[in-house]
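Participant: Take this structure, written in structure tokens, and hold onto it; I'll ask about it next.
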Amino acid sequence: FDLQNDDFTSLEELGQGNGGSVMKVRHVPTGTIMAKKIVLIDAKPAERKKILLELQIMHDCDSPYIISSYGAYLAEPNICICMEFMDKGSFDGIYKKIGAIDIKVVGKVAVAVLEGLRYLYDVHRINIKPSNILCNSQGDIKLCDFGVSGELVNSIANTFPERIQGATYSVKSDIWSLGITLIELSVGQFPFSDSFSDSEDSDLEHPPPTPPSHRDSLRVPTSPGTTRRNRRRSKGVSLHGGGMTMSIIELMHQIVNEPSPRLPAGKFGDDPEAFITGCLEKDPDARRTPAQLFDYAWIPHSRQNGVDMRAWATTF
Ligand code: ATP
Ligand code: MG
Numbered sequence: 083f084d085l086q087n088d089d090f091t092s093l094e095e096l097g098q099g100n101g102g103s104v105m106k107v108r109h110v111p112t113g114t115i116m117a118k119k120i121v122l123i124d125a126k127p128a129e130r131k132k133i134l135l136e137l138q139i140m141h142d143c144d145s146p147y148i149i150s151s152y153g154a155y156l157a158e159p160n161i162c163i164c165m166e167f168m169d170k171g172s173f174d175g176i177y178k179k180i181g182a183i184d185i186k187v188v189g190k191v192a193v194a195v196l197e198g199l200r201y202l203y204d205v206h207r208i209n210i211k212p213s214n215i216l217c218n219s220q221g222d223i224k225l226c227d228f229g230v231s232g233e234l235v236n237s238i239a240n241t242f243p244e245r246i247q248g249a250t251y252s253v254k255s256d257i258w259s260l261g262i263t264l265i266e267l268s269v270g271q272f273p274f275s276d277s278f279s280d281s282e283d284s285d286l287e288h289p290p291p292t293p294p295s296h297r298d299s300l301r302v303p304t305s306p307g308t309t310r311r312n313r314r315r316s317k318g319v320s321l322h323g324g325g326m327t328m329s330i331i332e333l334m335h336q337i338v339n340e341p342s343p344r345l346p347a348g349k350f351g352d353d354p355e356a357f358i359t360g361c362l363e364k365d366p367d368a369r370r371t372p373a374q375l376f377d378y379a380w381i382p383h384s385r386q387n388g389v390d391m392r393a394w395a396t397t398f
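Quick note: full-length UniProt numbering has the sequence shown finishing at residue 398, numbered continuously throughout.
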């Protein structure tokens, strides 16, 4: 594809993140429906080079678990990234629409994310969170976003114990994010929100909203290569809006000193509980690697758990 701005008609806005917005578009010359991410980029050449490099990575990816890319182009002052359109949207939108996700479907998400991480190996970072895990009506589950979009920018804080304590970032940090994400989908609520509780009687059907700035600053990983950009462009964290009562310092204290979040005991079965516990070991050395996690019973069981993802994707 030779992509240029004039060749697109906008159909609808799919969402907005830290770095820009995502539009559903038609590429008129080919009739192809795409998702186009529009990111305001820094004029600095070094910055631009880095972004284009990351885009190249996405373009070179060929995995059923990674969103495919049609290419990118500059439309000053924006960069436009054209990717495969996933018509069922992201898992954050899905659980906010239908509530907590069936644990068997969450098992399929775990398989897809592990496969995606295995494909990307330890070389490329992907920002694992529900908004970056997409679904289509074929029932495919795919990862998107290599941190090209300004989504690595807002990381004053994040939820990794090792990062808070100053250690380096690795695939182990992605595994932490995976564990947090799987709890969020199973329970229907971000586990570090004020009202999160693993007790039976908590009101999981109607969780109070968590302010977006809060959520993003908590979950965004920081890789060594992006720290400077993060710091410089970070927007700060609102501690006062949206009814939030926990400060970032309190929250970081909680992450480091309190036990890791976990699934509500006994509710979803031993296999997912054991898997998520393996993801959420605070000590990165004790935390499981992707290869080790493939050997947990939940993964082979989830591959063959009888859930028809295509049928599931028609239910919302
Ligand atoms: P962040 O900026 O931290 O990544 P985010 O993931 O919420 O936050 P975007 O990456 O800009 O923000 O994406 C915004 C929304 O657009 C997503 O929540 C998702 O629902 C939608 N979206 C993104 N890519 C696609 C795609 N390829 N197909 C369909 N919807 C998409
Ligand atoms: Mg995203």
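Note that CB positions come from ideal geometry on N, CA and C, so glycine has one too. All values reported here derive from a predicted model rather than from experimental measurement.
Is the beta carbon of residue 257 closer than 9 Å to that of residue 272?
Facilitator: Cβ distance not < 9 Å, so residue 272 and residue 257 don't count as in contact.
Participant: I'd like to know if the stretch 356 to 367 and the stretch 150 to 168 are in contact, where contact means that at least 3 CB-CB pairs between them fall below 8 Å.
Facilitator: Not touching, per the Cβ criterion.
Participant: Who are the Cβ neighbours of residue 394 in its own chain at under 8 Å, not counting the five residues just before and after it?
Facilitator: Closer than 8 Å at the Cβ level, and outside the excluded window around residue 394, lie 184, 187, 221.
Participant: Opposite residue 154 in the DSSP bridges: which residues?
Facilitator: In DSSP, residue 154 forms a bridge with 163.
Participant: Pick helix, strand or coil for residue 262, following the three-state DSSP scheme.
Facilitator: Helix, per DSSP.
Participant: Use the C-beta contact count for residue 87: other C-beta atoms within 10 angstroms, 16 or more gives buried, fewer gives exposed.
Facilitator: Flag for residue 87 reads exposed.
Participant: Is it buried or exposed, residue 329, if we count other Cβ atoms within 10 angstroms and call 16 or more buried?
Facilitator: Answer is exposed; the Cβ neighbour count stays below 16.
Participant: Helix, strand or coil for residue 206 per DSSP?
Facilitator: If DSSP states are grouped into helix, strand and coil, residue 206 belongs with coil.
Participant: By the 10 Å Cβ neighbour count, where 16 or more other Cβ atoms means buried, how is residue 111 classified, buried or exposed?
Facilitator: Exposed: under 16 other Cβ atoms inside 10 Å.
Participant: Measure from the alpha carbon of residue 344 to the alpha carbon of each residue in 366, 374, 265, then state which is nearest.
Facilitator: That would be 265, whose Cα lies nearest to the Cα of residue 344.
Participant: Measuring CB to CB, does residue 103 end up less than 9 Å from residue 126?
Facilitator: Not closer than 9 Å, so no.
Participant: Measure the alpha-carbon distance for residue 154 versus residue 254 and round it to whole angstroms.
Facilitator: So the two alpha carbons sit approximately 30 Å from each other.
Participant: Quick one: residues in its chain with C-beta nearer than 7 Å to the C-beta of residue 122, no 5 flanking neighbours on either side, listed in chain order?
Facilitator: Correct list, in chain order: 102, 159, 160.
Participant: Considering just the uninterrupted stretch of the beta strand (DSSP E) at residue 338, what are its terminal residues?
Facilitator: Where residue 338 is concerned, there is no enclosing beta strand (DSSP E), although the alpha helix (DSSP H) it sits in stretches over 330 to 339.
Participant: Just the Cα atoms here: how many angstroms apart are residue 150 and residue 140?
Facilitator: Each residue's alpha carbon lies about 7 Å from the other.
Participant: What does DSSP give as the partner residues of residue 98 in its beta bridges?
Facilitator: In the DSSP output, where bridge partners are listed per residue, residue 98 has 103.
Participant: So, with DSSP's three-state summary, where would you put residue 168?
Facilitator: Of the three classes helix, strand and coil, the one that applies to residue 168 here is coil, per DSSP.
Participant: Reducing DSSP to helix, strand and coil, say where residue 190 ends up.
Facilitator: Here residue 190 sits in helix by DSSP.
Participant: What would DSSP say about residue 112, mapped onto helix, strand or coil?
Facilitator: Residue 112: coil per DSSP, three-state reduction.
Participant: DSSP three-state label for residue 304, please.
Facilitator: Below a pLDDT of 50, predicted positions are generally treated as unreliable, and residue 304, at 35, falls in that range; no measurement from the model is reported.
Participant: From residue 270 to residue 178, what does the alpha carbon distance come to, in whole angstroms?
Facilitator: Each residue's Cα considered, the two are about 7 Å apart.
Participant: Looking only at its chain, what residues have a beta carbon closer than 7 Å to the beta carbon of residue 95, apart from the 5 residues adjacent to it on each side?
Facilitator: Correct list, in chain order: 103, 105.
Participant: Could you give the DSSP three-state label for residue 195: helix, strand or coil?
Facilitator: Of the three classes helix, strand and coil, the one that applies to residue 195 here is helix, per DSSP.
Participant: Under 8 Å: does the beta carbon of residue 213 sit that close to some heavy atom of the ligand MG?
Facilitator: Correct: residue 213 has its Cβ closer than 8 Å to the ligand MG.
Participant: To the nearest angstrom, report how far apart residue 380 and residue 100 are at their CA atoms.
Facilitator: So the alpha carbons of these two residues sit roughly 34 Å apart.
Participant: Taking C-alpha atoms, which residue in 384, 175, 144 lies nearest to residue 353?
Facilitator: Here the closest residue by C-alpha is 384.
Participant: Under the rule that 16 or more other beta-carbon atoms within 10 Å means buried, what is residue 398, buried or exposed?
Facilitator: When all chains shown are included, residue 398 counts as exposed.
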